[in-house]
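For reference, the structure is listed below as structure tokens.
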Amino acid sequence: MRNFYHRQNQHRNRSAYTAIKLVVLAILMFCFTFALVPLYDVFCDITGINGKTDKKIAHQSFFVDEDRTVKVEFVTYVNPKIGWKFDTEIKRLTVYPGETRTITYKATNNTSVDSIGQAIPSVTPGSAAKYLNKTECFCFNHQYLAAGKDTELTLVFYVDPAIPNDIKTLTLSYTMFKAKSKPVT
Numbered sequence: 004m005r006n007f008y009h010r011q012n013q014h015r016n017r018s019a020y021t022a023i024k025l026v027v028l029a030i031l032m033f034c035f036t037f038a039l040v041p042l043y044d045v046f047c048d049i050t051g052i053n054g055k056t057d058k059k060i061a062h063q064s065f066f067v068d069e070d071r072t073v074k075v076e077f078v079t080y081v082n083p084k085i086g087w088k089f090d091t092e093i094k095r096l097t098v099y100p101g102e103t104r105t106i107t108y109k110a111t112n113n114t115s116v117d118s119i120g121q122a123i124p125s126v127t128p129g130s131a132a133k134y135l136n137k138t139e140c141f142c143f144n145h146q147y148l149a150a151g152k153d154t155e156l157t158l159v160f161y162v163d164p165a166i167p168n169d170i171k172t173l174t175l176s177y178t179m180f181k182a183k184s185k186p187v188t
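Following the numbering used here, the numbering of the sequence shown begins with 4 at its first residue and continues without gaps.
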């Protein structure tokens, strides 16, 4: 009989220990979920993957390298949920590193309701993202657009002269997403 109680206590102890391990594991998984976004941002900053660009306003060096050129391609995507048309007439531009250029995009709200959009930039190749500096960009803010209306959106940028010589072409793409379901008045 004593053996029976001893085995039953061992079983309870193992069950309690397993339950504690599972609770601790669940807490760790929960905490890890919240840490994923900042960890991903750090990973992208270190590796240059995903072509994320800094949201801070860059300060241009006044040196323009006229001994070489870089092709900058402009690509636009629109999330279908927003119901907008979003594009630029200029699809490709050749620039001198350090030269400031201005590009105009056009957004049209094709729906019958006012809406707010947000453009998310990405640069390819990812290693070129830190060399594309936007001094003014519609992507810094949400864009309010009334139903059936259109607007021009401005991008002022330059390619840093420190860009490696092996990067001859870079692509700046924007995806327009719906930012909020109701505009703020």
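All residues carry an ideal CB built from backbone N, CA and C; glycine is no exception.
Given the structure is predicted, the values throughout are model-derived calculations rather than measurements.
Rounded to the nearest angstrom, what separates residue i and residue j at their Cα positions?
| i | j | result |
| --- | --- | --- |
| Asn168 | Tyr20 | 59 angstroms |
| Val116 | Leu148 | 9 angstroms |
| Ser2 | Asn112 | No statement about residue 2 is possible, as the shown extent of the chain runs from 4 to 188 and does not include it. |
| Ile166 | Val27 | 47 angstroms |
| Ala61 | Thr103 | Confidence at Ala61 is low in this model, with a pLDDT of 46, below 50, so its placement is unreliable and no value can be given for it. |
| Thr127 | Leu175 | 7 angstroms |
| Asp68 | Asp163 | 9 angstroms |
| Asp153 | Ala110 | 5 angstroms |
| Lys74 | Val81 | 23 angstroms |
| Thr91 | Glu155 | 9 angstroms |
| Thr29 | Ala38 | Thr is not the amino acid found at residue 29; the sequence shown has Ala there. Straight-line Cα distance between these residues: approximately 14 angstroms. |
| Asp70 | Thr114 | 47 angstroms |
| Arg15 | Cys34 | 29 angstroms |
| Leu25 | Ser18 | 10 angstroms |
| Pro83 | Thr72 | 35 angstroms |
| Gln13 | Thr36 | 35 angstroms |
| Leu158 | Gly129 | 20 angstroms |
| Ala132 | Gln146 | 23 angstroms |
| Pro41 | Asn144 | 21 angstroms |
One question on the structure: do residue i and residue j come within less than 9 angstroms of each other, judged by their Cβ atoms?
| i | j | result |
| --- | --- | --- |
| Tyr134 | Leu96 | no |
| Tyr161 | Asn136 | yes |
| Met32 | Gln121 | no |
| Phe89 | Thr79 | yes |
| Lys181 | Ile85 | yes |
| Ile93 | Tyr177 | no |
| Gly101 | Phe77 | no |
List the DSSP bridge partners of residue i.
| i | result |
| --- | --- |
| Tyr108 | Thr91, Leu156 |
| Glu139 | Val159 |
| Glu76 | Arg95, Thr174 |
| Tyr134 | BP columns for Tyr134 are empty, so no partner. |
| Lys181 | Gly120 |
| Ser115 | Partner(s): none; Ser115 has no beta bridge. |
| Tyr147 | Ile119 |
| Thr127 | Thr174 |
| Val81 | Met179 |
Task: Contact the stretch 126 to 143 vs the stretch 82 to 97: 3+ CB pairs below 8 angstroms - done: no
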